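Everything below concerns the one structure shown next.
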Amino acid sequence: MSVRSLRWPRQKAFLAVISLVVAVLLAVPGWLTPATAASQATVQFVAPTWAAERLNNKQLKILDVRTNPLAYIEGHLPGAVNIADAAYRGPNGFLPVQIWDPEKLASLFGRAGVSNNDTVLVYSDGNDVLGATLVAYLLERSGVQNIAVLDGGYKGYKDAGLPVTKEYPRYQAARFAPKDNRAFRVDIKQVEQLTGKSTFVDPRPPALFSGEQQVFIRNGHIPGARNIPWPTFTEANNANESLKNPHKLKPLSELKAILEAKGVTPDKDVIVTCSTGREASLQYLVLKHLLKYPKVRIYEGSWTEYSASNLPVETGPDRV
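Letter by letter, the sequence shown follows residues -37 to -1, 1 to 283 of mature numbering (1 follows the signal peptide of the UniProt record, and there is no 0).
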């Protein structure tokens, strides 16, 4: 028997092992593990003066996402285009308030004058920050690289005595290429697989989290979820009345302490879920972009979708 004939069985065995390893890797669902590559997008929360200093920058596009059009008409940041955060969601054939498909999102951004390469500043009013953070998340999801949320919102900006206007901006619609970064979110199948493995953060009010408040088909929360109501991330309940602002973040050191007290630490695979995905957007952005947690995703369907499924529901207050 030749040396070559002796080698051939070994080569066949080696190739068989390699084929088996490849097959196993391909069989493991990639969506069970968090994306390890950090988003290339930059999302920052900026002071009102940051916005005022850049009003003449043609590369900066400003989205006023307040829901009341009369609020925009009464006054807004110079150059801001009003498109309410509610415009980015609607029914999907089964569920209400679901995020539109990438093509429709691209159309909405383009009609507001935003292109993929612009720097985009988003703000809402002083009642809450969630409209702004939802749209900021959607910009990141759609491939925009430079995104800013106005810390303090329109209220904080106006209270600072910075320039506002009633004039409507003249602008041209832009070309916005549709993109969809799926690594930033999970769907209900992934939620089922990851329950008990990942750390779920639920920013809804305690009464909704516990199931005491009967709103949905089924009420409660995903088993094991941690309840961190979103206003605790903001100055909504500041003891100083003049400093109360649900659109302004607390210092990062306080936010980190709040999370650590609930066992939500940077080593965890974190999934943020809420009622419709809107509340979750705030904590998603803070954990991922400000506190630099490496493994953070959002469950867009949230309790609207989960409550309509047959997946297990846990009731009662957070035990941590």
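Cβ coordinates follow ideal geometry from the N, Cα and C atoms, glycine included. Bear in mind the structure is a predicted one, so any value in this text is a computation, not a measurement.
- At a Cβ-Cβ threshold of 7 angstroms, Leu97 and Ser244 count as neighbours.
- Residues of the same chain with a CB within less than 8 angstroms of the CB of Ile180, apart from the 5 flanking positions on each side, are Ser270 and Ala271 in chain order.
- Per DSSP, the beta-bridge partners of Leu23 are Thr82.
- Residue pairing by DSSP places Ala243 in no beta bridge whatsoever.
- Contact annotation: the stretch 206 to 213 does not touch the stretch 140 to 157, with fewer than three C-beta pairs closer than 8 angstroms.
- In the structure shown, Gly53 falls within a strand segment according to DSSP collapsed to helix, strand and coil.
- Taking 7 angstroms as the cut-off, the Cβ atoms of Val28 and Gly76 do not count as close.
- When the beta-carbon positions are compared, Tyr262 and Thr239 stay at least 7 angstroms from each other.
- Within 10 angstroms of the beta-carbon of Ser105 lie 16 or more other beta-carbons, which makes it buried.
- With contact defined as three or more Cβ pairs closer than 8 angstroms, the stretch 33 to 40 and the stretch 123 to 133 are in contact.
- Taking every protein chain shown into account, the CB of Asp150 has fewer than 16 other CB atoms within 10 angstroms, so this residue is exposed.
- Excluding the 5 residues flanking it on each side, Lys251 has same chain C-beta neighbours closer than 6 angstroms at Val259, in chain order.
- If you check the CB distance, Ala146 and Val6 do not come in under 7 angstroms.
- If you look at Phe72, you'll find it in the alpha helix (DSSP H) that goes Pro65 to Arg74.
- Excluding five sequence positions before and after Arg241, the CB atoms of its chain that fall closer than 6 angstroms to its own CB belong to Leu93 and Leu97, given in chain order.
- If you ignore the 5 residues before and after Gln108, its C-beta comes within less than 7 angstroms of the C-beta of Gln3, Ala4 and Thr5, all in its own chain and listed in chain order.
- A direct Cα-Cα distance of roughly 12 angstroms separates Ser161 from Gly226.
- In this chain, the beta strand (DSSP E) harbouring Arg260 covers Val259 to Tyr262.
- When Thr195, Val44 and Val164 are compared, the shortest CA-CA separation from Lys231 is found for Val164.
- Nearest neighbour of Val154 by Cα position, chosen from Gln176, Ile234, Pro229 and Pro169, turns out to be Ile234.
- For the 7 angstroms CB-CB criterion, Gln61 and Pro166 do not form a contact.
- When the five nearest sequence neighbours on each side are left out, the beta carbons in the same chain lying within less than 8 angstroms of the beta carbon of Asn201 are those of Lys207 and Asn208, in order along the chain.
- Non-local C-beta neighbours of Phe196 in its own chain, meaning closer than 7 angstroms and more than five positions away in sequence, comprise Leu212, Lys213, Leu218, Leu245, Gln246 and Val249, ordered along the chain.
- Within the model, the alpha-carbon separation for Arg148 versus Gly264 is close to 10 angstroms.
- The bridge partners DSSP lists for Ile62 are Arg52.
- Between Gly159 and Glu277, the C-beta gap is not smaller than 7 angstroms, which leaves the two residues out of contact.
- At the C-beta level, Lys24 and Val83 come within 7 angstroms of one another.
- About 29 angstroms separates the Cβ atoms of Ala123 and Ser78, ruling out a contact at the 8 angstroms cut-off.
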